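Enquirer: Protein chains in written order, with the working numbering: chain A, 1 to 162; chain B, 1001 to 1114; chain C, 2001 to 2564.
From the three backbone atoms N, C-alpha and C, an ideal C-beta is built for every residue, glycine too.
Source: prediction; values computed, not measured.
My structure is below; once you've seen it, I'll send some questions.
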Amino acid sequence: MPLLENGQIIQDTWQIAVEGDSLPTGNVLVPLARLSEGLGRNTDARLGVVLTSADEVETLRDALPRLDVVSLTFPIFRDGRPFTQARALREHLHFKGEIRAGGHVLPDQYEFLLRCGVTAIDLPEGSDPAVWQRAHEAFTVAYQPSILNEQAEGFALRRRLT
Amino acid sequence: MDRRNSRRDAEGTSVITANRLLDGRIVWLAADGQWATLIEDAKLYPNSAVEEALKACNARAQEEALVGIYGVQVTQTASGPLPVTSRERIRAAGPSVHPDFTPDWHAPHPAPYA
Amino acid sequence: MSHSPSAALPVGHYAYDDVDRTFLKQRVAQFKDQVERRLSGALTEEEFKPLRLMNGLYLQLHAYMLRVAIPYGVLDAKQMRVLAHIARTYDRDYGHFTTRQNIQFNWIRLEDTPEILNVLADTDMHAIQTSGNCIRNVTADQFAGAAADEVLDPRVYAEILRQWSTLHPEFTFLPRKFKIAISGSQQDRVAARFHDIGLIAREGENGRPVFEVFVGGGLGRTPIIGVRLRDDLPEEDLIAYLEAVLRVYNAHGRRDNIYKARIKILVQALGTEEFLNQVNAEFAAMDRARYRLPEATVEAIRARFGAPDFAPVGNAAEKLAAQRKADRAFDAWVHTNTHPHKQPGYCSVTVSCKPAGGIPGDVTSAQMDLLADLAERYSFGELRITHLQNVVLGHLRQDALYDVWQALEKNGLGEANVGFITDIVACPGLDYCALANARSIPIAQKLSSRFANADLQREIGPLRLNISGCINACGHHHAGHIGILGVDKRGEEAFQITLGGSAGDGDASIGQILGSAMSEDETVDAIARIIDTYLSRRTAGERFIETCRRLGTAPFKDAAYATA
Ligand code: HEM
Ligand code: SF4
Chain A
1 MPLLENGQII QDTWQIAVEG DSLPTGNVLV PLARLSEGLG RNTDARLGVV
51 LTSADEVETL RDALPRLDVV SLTFPIFRDG RPFTQARALR EHLHFKGEIR
101 AGGHVLPDQY EFLLRCGVTA IDLPEGSDPA VWQRAHEAFT VAYQPSILNE
151 QAEGFALRRR LT
Chain B
1001 MDRRNSRRDA EGTSVITANR LLDGRIVWLA ADGQWATLIE DAKLYPNSAV
1051 EEALKACNAR AQEEALVGIY GVQVTQTASG PLPVTSRERI RAAGPSVHPD
1101 FTPDWHAPHP APYA
Chain C
2001 MSHSPSAALP VGHYAYDDVD RTFLKQRVAQ FKDQVERRLS GALTEEEFKP
2051 LRLMNGLYLQ LHAYMLRVAI PYGVLDAKQM RVLAHIARTY DRDYGHFTTR
2101 QNIQFNWIRL EDTPEILNVL ADTDMHAIQT SGNCIRNVTA DQFAGAAADE
2151 VLDPRVYAEI LRQWSTLHPE FTFLPRKFKI AISGSQQDRV AARFHDIGLI
2201 AREGENGRPV FEVFVGGGLG RTPIIGVRLR DDLPEEDLIA YLEAVLRVYN
2251 AHGRRDNIYK ARIKILVQAL GTEEFLNQVN AEFAAMDRAR YRLPEATVEA
2301 IRARFGAPDF APVGNAAEKL AAQRKADRAF DAWVHTNTHP HKQPGYCSVT
2351 VSCKPAGGIP GDVTSAQMDL LADLAERYSF GELRITHLQN VVLGHLRQDA
2401 LYDVWQALEK NGLGEANVGF ITDIVACPGL DYCALANARS IPIAQKLSSR
2451 FANADLQREI GPLRLNISGC INACGHHHAG HIGILGVDKR GEEAFQITLG
2501 GSAGDGDASI GQILGSAMSE DETVDAIARI IDTYLSRRTA GERFIETCRR
2551 LGTAPFKDAA YATA
């Protein structure tokens, strides 16, 4: 699937663990249930985890330093839990790696995701990145601090978006 | 759509309704396949045929710019189809507290649209 | 409208600056783009719906309904005129004030909406987050900044919360809507305990305010009185603490059943203690510096509020006294529709939007223009919408009251019934609302006509009558001394009566259902018999709600179901 990162569509080189199969070699994303299996691989390849919106990010605390990617999943765009998961990963667990969002996500949610700490979006095949870019550029100001620590805009809690 | 609207018996007669996407106004499917603003113009379907007709309408909803298509059970009266529920009667006639706002009411000054 | 820095700040609400205006224009452009994507089919109706809802646009029974935000219920004369203009140009010449201090227009076209939002933005108004599963319009006390018993002005904090919650990145797709109310006096006039979060501010030790925090209250299907989480939350932690509450809710509130998705259900399911533990854990773990609300920020926002420039009033009080003596009808109105002001010689006026036999909360374009004129001439340009669907002129000289009353009288706004049985709160009901079971307005009109006699109303005294067309309780029927709830009896409209509810004044309670549902006319008759029972059984000076509490529901139930 195409991956949207910093306004660019890039080719996703990560593989996703297939249920019932043993883990592939190379960079792989595993579900939470197979995390220890992933950590136990004897390889230099990188590891990421795919969370459902119901998973507690706290369970990743110990493993996080060894993970490069956490991929969050929107079962439907209205399920807003991944926003809290992303923000908690950054703010409570100080995760520095990539946070992806996938599943049913709308371009209208893009800026919110970025401000919660998401860095890449799993786009459905055939998506138009221009629509996402437009959503990103729609606003030049926000009304509250975020984990991106944007600069203040004038007085009060406003932040300048760039 | 709201299930309460489609309170239909096995027997009986229904009409098909929707809201227009662009202005939200209520419309009724007429015999000529057009969507009319007055329930008097609605085509009657035996209840057994409603699901089939709804399927066909829903397939064309985006193209015809309609939302919330469903069937409404009616009785036939001298002045046309009369819905069985109060809700649908109010939809068909306009708000009871504004007798002037009949479904063919239209703004004396059409909204300027830039 | 003047943008020059020397222009006086609007009284009673926050003055936008260019940053705020740019933001609003960007929001309008975004919505225009969303509408275009909907029309092209790029967005499905399912995807579009939450997006339009977050701009206040519902699809109702007959057409789209647009709900415009009136933050903390305050607007200025220019803004009121724009609302009149919208009613006239894009709707059918009227609007409806709601219990959430907003205004709703009932006949809006989707295709006009970007343009309407643009017109609103030109006078610093919007419809952002007036619907949808996000943090809604923050409500405040309608006498804020004027009431004699006020400890501090809650509007500054309501504005801070409005800004903080605007397009909040984390809390815009919550399990369900989220409503916050804030009061600046111990006389809780905002029903703080019936909100997802209710805040009651008071003066703290260092001269800065502290907040009592209630959470998990609400009406609707499961009426619950909120529980107190904090007694003395310091001002600087206000944002951080609300973030903590909302994080717990966003992560753990139910999403599988919309009827169990409000925060009140989560608080009940976890128990107050466990919920509090989770909030405290989050509060302890978060980066508090990031969310700190510095005193300087509060003061910067406060500085954007204009304050009335009170003039010496001379012998205003004597003049008023003489006018009251000379005109009994005026005297009665002053008695019911004015509220003490902290500035000597001034008072606040509640303009009743409940004429006898009328539609509660409906106001025509011409009436909106009149209210704007009166506000401009007499009340520093400031207007407020109350959660009882009336309009307040906040700061009137006592010697202006007579002129104001006469102008109101001439235009159908002079009803002297504030706080009485005909000051009915009613939701739009089945005449407009797609979710309704029964019509709320016709029964309100019948009751209002039935009790229209001024002497009778005065005899009955203070009484709250609230009507909702379905269990969503938009008319706050549970909080009415008498509540009426519309139900559906096999496609027919019917009504249940509740008794003994109350919204505030430190004695919030939830009304009890009297018995099985009745038809509209039977309900009106039953309420008349309930009132007769009260009048014959009350002790001297006892208000309706007090008699209810003393006697319990039994005698009223007997009266309601007595067949004449
Ligand atoms: C006509 C369009 C309206 C629709 C579709 C609508 C819909 C709803 C729904 C679904 C709820 C229940 C939500 C829940 O408990 O999760 C609700 C609650 C509420 N509505 Fe409305 N409403 C409408 C108009 C109004 C109006 C006109 C008012 C004010 C008079 C209002 C004030 C409220 C209030 C205060 C609640 C809160 C009850 C609570 O917090 O538990 N609504 N509304
Ligand atoms: S209480 Fe029910 S009928 Fe009344 S406005 Fe709310 S949802 Fe509609």
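(1) Have a look at residue 1030 of chain B and residue 2194 of chain C and give me their C-alpha separation to the nearest angstrom.
(2) Name the one or two DSSP bridge partners that residue 2353 of chain C has.
(3) Does any C-beta atom of chain B lie closer than 8 Å to the C-beta of residue 2359 of chain C?
(4) If contacts are defined as beta-carbon pairs under 8 Å, then residue 2336 of chain C and residue 2220 of chain C qualify, I think. What distance do you get, rounded to the angstrom?
(5) The ligand SF4 heavy atoms versus the CB of residue 2568 of chain C: any closer than 7 Å?
(6) So, helix, strand or coil for residue 139 of chain A, using DSSP?
(7) Once you ignore the five residues that flank residue 2432 of chain C on each side, which residues in its own chain have a CB closer than 6 Å to its CB?
(8) Short of 7 Å in beta carbon distance, which residues of its chain neighbour residue 2562 of chain C, apart from the five on each side in sequence? Order them along the chain.
(9) Measuring only from the beta carbon, is residue 2137 of chain C closer than 7 Å to any heavy atom that is part of the ligand SF4?
(10) Based on the DSSP secondary-structure assignment, which residues constitute the bridge partners of residue 2362 of chain C?
(11) On the criterion of 16 or more Cβ atoms from any shown chain inside 10 Å, does residue 1004 of chain B qualify as buried, or is it exposed?
(12) Roughly how many whole angstroms lie between the Cα atoms of residue 74 of chain A and residue 2254 of chain C?
(13) Report all residues from its chain with a CB closer than 6 Å to the CB of residue 2488 of chain C; omit the five preceding and five following residues, and keep chain order.
(14) Taking 8 Å as the threshold (beta carbon to beta carbon), is residue 2247 of chain C in contact with chain A?
(15) If we call anything under 8 Å between Cβ atoms a contact, is residue 2095 of chain C one with residue 2083 of chain C?
(16) Does the Cβ of residue 2435 of chain C lie closer than 7 Å to at least one heavy atom of the ligand SF4?
(17) Check whether the Cβ of residue 136 of chain A lies closer than 8 Å to any Cβ atom in chain C.
(18) On a CA-only basis, which of C:2072, C:2114, C:2100, C:2239 is nearest residue 2143 of chain C? Give me that one, please.
(19) At a CB-CB cut-off below 9 Å, which residues of chain B make contact with residue 2492 of chain C?
(20) For a quick check, are the C-beta atoms of residue 141 of chain A and residue 2019 of chain C less than 8 Å apart?
(21) Could you work out which residues of chain C lie near residue 1104 of chain B, taking near to mean beta carbons separated by less than 9 Å?
(22) How is residue 2488 of chain C classed by DSSP in three states: helix, strand or coil?
(23) If you follow the beta strand (DSSP E) that residue 48 of chain A is part of, which residue opens it and which one closes it?
(24) Residues of chain A with CB under 7 Å from residue 2291 of chain C, in chain order?
(25) Identify the continuous beta strand (DSSP E) that holds residue 2231 of chain C and give its terminal residues.
(26) I'd like the span of the beta strand (DSSP E) that includes residue 102 of chain A, first residue to last.
(27) Identify the contact partners of residue 2442 of chain C in chain B, using a Cβ-Cβ distance below 9 Å as the criterion.
(28) Report back the beta-carbon spacing between residue 1036 of chain B and residue 1045 of chain B to the nearest angstrom; my notes put them in contact at under 8 Å.
(29) Excluding sequence positions up to five away, which residues of its chain have a Cβ less than 8 Å from the Cβ of residue 2294 of chain C?
(30) Can you name, in chain order, every residue of its own chain whose Cβ lies under 8 Å from the Cβ of residue 151 of chain A, other than the five neighbours on each side?
(31) Just to confirm, is the Cβ distance from residue 2258 of chain C to residue 2249 of chain C under 8 Å?
(32) Measure from the alpha carbon of residue 99 of chain A to the alpha carbon of each residue in A:43, A:115, A:130, then state which is nearest.
(33) Give the DSSP bridge partners of residue 2214 of chain C, in chain order.
(34) Can you tell me whether DSSP reads residue 1001 of chain B as helix, strand or coil?
(35) Does any residue of chain C bring its CB to less than 8 Å from the CB of residue 1009 of chain B?
(36) Using a Cβ-Cβ cutoff of less than 7 Å, which residues in the same chain neighbour residue 2088 of chain C once the five nearest sequence positions on both sides are dropped?
Expert: This is what the structure gives:
(1) Locating residue 1030 of chain B in the second sequence gives position 30, counting from the first residue. Locating residue 2194 of chain C in the third sequence gives position 194, counting from the first residue. Cα to Cα, the separation comes out at about 47 Å.
(2) The residue labelled residue 2353 of chain C in the question sits at position 353 within the third sequence. DSSP, once it has assigned bridges, lists no residue as partnering residue 2353 of chain C.
(3) As a working note, residue 2359 of chain C is residue 359 in the third sequence. By this cut-off, residue 2359 of chain C is an interface position.
(4) Working through the third sequence from its first residue, we reach residue 2336 of chain C at position 336. Working through the third sequence from its first residue, we reach residue 2220 of chain C at position 220. Rounded, the Cβ-Cβ distance is 31 Å, inconsistent with contact.
(5) The structure shown has nothing for residue 2568 of chain C, since chain C only spans 2001 to 2564.
(6) Taking the first sequence and counting its residues from 1, the one referred to as residue 139 of chain A is at position 139. The answer is coil: DSSP assigns residue 139 of chain A none of H, G, I, E or B.
(7) One-based indexing of the third sequence puts residue 2432 of chain C at position 432. 2060, 2061, 2106, listed in sequence order.
(8) Translated into the one-based positions of the third sequence, residue 2562 of chain C becomes position 562. Around residue 2562 of chain C: 2529.
(9) Along the third sequence, read from residue 1 onward, the residue named residue 2137 of chain C stands at position 137. No.
(10) Your numbering for residue 2362 of chain C matches position 362 in the third sequence. In DSSP, residue 2362 of chain C forms a bridge with C:2096.
(11) The sequence position of residue 1004 of chain B within the second sequence is 4, counting from 1. Because residue 1004 of chain B sits at a pLDDT of 48, beneath the cut-off of 50, its placement in the model cannot be relied upon, and the point is left open.
(12) Start at 1 with the first residue of the first sequence, and residue 74 of chain A comes out as number 74. Start at 1 with the first residue of the third sequence, and residue 2254 of chain C comes out as number 254. Spanning the two alpha carbons is a distance of roughly 15 Å.
(13) Working through the third sequence from its first residue, we reach residue 2488 of chain C at position 488. 2437.
(14) On the third sequence, position 247 is the one that residue 2247 of chain C refers to. So, interface residue.
(15) For the purposes of this step, residue 2095 of chain C is taken as residue 95 along the third sequence, with counting starting at 1. For the purposes of this step, residue 2083 of chain C is taken as residue 83 along the third sequence, with counting starting at 1. Contact: yes.
(16) Here residue 2435 of chain C is taken as the residue at index 435 of the third sequence, counted from 1. It does: the Cβ of residue 2435 of chain C is within 7 Å (strictly closer) of some heavy atom of the ligand SF4.
(17) Against the first sequence, residue 136 of chain A aligns to sequence position 136. No, no contact with chain C.
(18) In the third sequence, the residue the question calls residue 2143 of chain C occupies position 143. Nearest C-alpha to residue 2143 of chain C: C:2072.
(19) Here residue 2492 of chain C refers to the residue found at position 492 of the third sequence. Ordered by position in chain B, the residues that pass the 9 Å Cβ test against residue 2492 of chain C are 1085, 1086.
(20) Here residue 141 of chain A refers to the residue found at position 141 of the first sequence. Here residue 2019 of chain C refers to the residue found at position 19 of the third sequence. Yes.
(21) What you label residue 1104 of chain B is simply residue 104 of the second sequence in a count that begins at 1. Neighbours of residue 1104 of chain B on chain C: none; closest Cβ ~12 Å, over 9 Å.
(22) The residue labelled residue 2488 of chain C in the question sits at position 488 within the third sequence. In this structure, residue 2488 of chain C counts as strand in the three-state DSSP scheme.
(23) Position 48 of the first sequence holds residue 48 of chain A. Residue 48 of chain A -> beta strand (DSSP E) spans 47-50.
(24) Stepping through the third sequence from its first residue, residue 2291 of chain C is reached at position 291. Under the 7 Å cutoff, chain A gives 145.
(25) The residue given as residue 2231 of chain C occupies position 231 in the third sequence. Here the beta strand (DSSP E) through residue 2231 of chain C covers 2227-2234.
(26) Residue 102 of chain A sits at position 102 when you count from the first residue of the first sequence. 98-103 is the extent of the beta strand (DSSP E) around residue 102 of chain A.
(27) Here residue 2442 of chain C refers to the residue found at position 442 when the third sequence is read from its first residue. Per Cβ cutoff of 9 Å: 1096, 1097.
(28) For the purposes of this step, residue 1036 of chain B is taken as the residue at position 36 of the second sequence. For the purposes of this step, residue 1045 of chain B is taken as the residue at position 45 of the second sequence. No, residue 1036 of chain B and residue 1045 of chain B are not in contact; Cβ-Cβ is about 15 Å, not under 8 Å.
(29) Indexing the third sequence from 1 puts residue 2294 of chain C at position 294. For residue 2294 of chain C, where only same-chain residues beyond five positions count, the Cβ hits under 8 Å are 2236.
(30) Your numbering for residue 151 of chain A matches position 151 in the first sequence. Only 159, 160 meet the Cβ criterion.
(31) Start at 1 with the first residue of the third sequence, and residue 2258 of chain C comes out as number 258. Start at 1 with the first residue of the third sequence, and residue 2249 of chain C comes out as number 249. It is not a contact, given that the beta carbons lie outside the stated cut-off.
(32) In the first sequence, counting from the first residue as 1, residue 99 of chain A sits at position 99. Here the closest residue by C-alpha is A:115.
(33) Position 214 of the third sequence, counted from the first residue, corresponds to residue 2214 of chain C. Paired residue(s): C:2198, C:2228.
(34) Taking the first residue of the second sequence as position 1, residue 1001 of chain B is located at position 1. Residue placement at residue 1001 of chain B is poorly supported in this model, since its pLDDT is 36, which falls under 50; the coordinates still yield a value, given next. In the structure shown, residue 1001 of chain B sits in coil (DSSP, three-state: anything other than H, G, I, E or B).
(35) Within the second sequence, residue 1009 of chain B is the residue found at index 9, counting from 1. No - not a single Cβ of chain C is within 8 Å of the one on residue 1009 of chain B.
(36) Position 88 of the third sequence, counting from 1, holds the residue named residue 2088 of chain C. Taken in chain order, the residues that qualify are 2365.
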